[in-house]
Amino acid sequence: MGDYRTRPPQLRPGRALAHTTGASGSESPHRSDSRPPQTPRGARPADPVGRPGTTPPVPGRPTSFFWLFIALPALLFALITWQVAAKGPLLRLDARLSRALVHPDLFSKLLADLGDVRVALPVLAAVLGYVAWRARAAGTDRWWRPPLSAAVLMALVPALVVPLKEVIARGGTPAVPPGTGYYPSGHTATAMIAYGSATLLLLPWLRAAYARRGLVIACALVNVGVPFGLVRHGYHWPLDVVASWCLCTVLLASFWLFLTRDVSRSSRRTSSGTPRSRSGPS
43 MGDYRTRPPQ
53 LRPGRALAHT
63 TGASGSESPH
73 RSDSRPPQTP
83 RGARPADPVG
93 RPGTTPPVPG
103 RPTSFFWLFI
113 ALPALLFALI
123 TWQVAAKGPL
133 LRLDARLSRA
143 LVHPDLFSKL
153 LADLGDVRVA
163 LPVLAAVLGY
173 VAWRARAAGT
183 DRWWRPPLSA
193 AVLMALVPAL
203 VVPLKEVIAR
213 GGTPAVPPGT
223 GYYPSGHTAT
233 AMIAYGSATL
243 LLLPWLRAAY
253 ARRGLVIACA
263 LVNVGVPFGL
273 VRHGYHWPLD
283 VVASWCLCTV
293 LLASFWLFLT
303 RDVSRSSRRT
313 SSGTPRSRSG
323 PS
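Heads up, our numbering is the position in the sequence shown plus 42, with the first residue counted as 1.
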């Protein structure tokens with residue numbers, strides 16, 4: 043025992059010695075063998091140009107959002123429009139589904155009326171005024187851009203829907219008088235853009251999680267109830283409202299991307315010390 047204590051410590055083969063260069067034939071100052079270090083950065087493979095991975099990964103907009111909310115709805119809208127214009131086999135399924143769902147009543151009419159411009163536009167106008175007032179009072183840089191963008195988006199609805207109605211010239215269901223111009227559904231598009239853009243504008247100004255959750259749920263219920271009322275009352279074929287869903291999903295997703303990009307630009311300007319443009323009432 044005494045002889046063991048008086049000797050200098052012996053290095054065992056195969057053991058790592060920190061900060062020893064060239065141990066066991068390795069040139070790494072931290073490892074004595076060829077195994078990769080156990081740190082997350084060292085174990086992460088390099089990117090295509092040879093740089094090591096970052097910790098954490100650099101955030102970026104996922105491509106799944108693009109496909110789910112922009113590309114896929116756009117493809118579905120193109121497919122439905124082609125089937126309606128060419129009177130394809132999808133119309134037979136559409137007619138059978140309409141016959142099974144049509145049952146005009148007062149409740150379905152009230153739901154459909156929520157997509158009327160006389161109801162939806164005043165709601166959107168009130169939200170635009172409230173958001174503009176809150177943003178200006180808070181001194182937000184370019185406070186007028188989100189409300190103005192929502193107003194422009196609402197103006198795009200008739201600019202897109204009315205020409206499509208004229209070109210496709212689809213007839214109505216047996217529950218409505220003879221005529222054309224039922225594809226796509228204008229009430230569905232009005233409801234989705236008016237209530238959807240109003241929800242996206244209001245969400246940043248709601249601090250309570252339950253308030254934000256309730257607003258999103260209410261918006262979803264309205265945008266499900268309006269198309270259901272239209273189909274239930276016989277105002278539209280099911281494909282008419284589905285096509286408007288797809289078209290307006292693309293518009294709302296693009297609007298949301300614009301809002302998030304605008305907010306991130308304002309945050310960068312504020313963090314870099316750029317003075318805000320508002321110094322008083324304008």
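Cβ coordinates follow ideal geometry from the N, Cα and C atoms, glycine included.
Item, Value
"Beta-carbon separation of M196 and L294 under 8 Å?", "no"
"Along the alpha helix (DSSP H) that carries A240, what are the first and last residues, could you check?", "228-244"
"Rounded to a whole number of angstroms, what is the C-alpha to C-alpha distance between T81 and S106?", "Legend: pLDDT at T81 = 48, less than 50; position of this residue unreliable, no value from coordinates given."
"If A240 and L166 are in contact, beta carbons under 8 Å, what's the gap, nearest whole angstrom?", "5 Å"
"How about V144 and G276: do their beta carbons lie closer than 8 Å?", "yes"
"Which residues in the same chain have their Cβ closer than 6 Å to the Cβ of A211, if we skip the five residues on either side of it in sequence?", "T222"
"Comparing C-alpha positions only, which one of A127, W124, L121, L133 sits nearest to W279?", "L133"
"Return helix, strand or coil for T222, following the three-state DSSP convention.", "strand"
"For G157, does the three-state DSSP call read helix, strand or coil?", "coil"
"Any contact of the stretch 118-126 with the stretch 246-256, i.e. 3+ C-beta pairs under 8 Å?", "no"
"By Cβ distance below 7 Å, which residues in the same chain neighbour L139 in space, the five residues on each side in sequence not counted?", "P280"
"Going by DSSP, what residue range makes up the alpha helix (DSSP H) through T182?", "Segment: none, T182 is in no alpha helix (DSSP H) and carries neither H nor E."
"Tell me, to the nearest whole angstrom, how far the beta carbon of L163 is from that of A236; I am working on the premise that it is less than 8 Å.", "6 Å"
"For S66, which of helix, strand or coil comes out of DSSP?", "Note that S66 scores 44 on pLDDT, short of 50, meaning its location in the model is unreliable; the coordinates nonetheless yield the value given after this. In this structure, S66 counts as helix in the three-state DSSP scheme."
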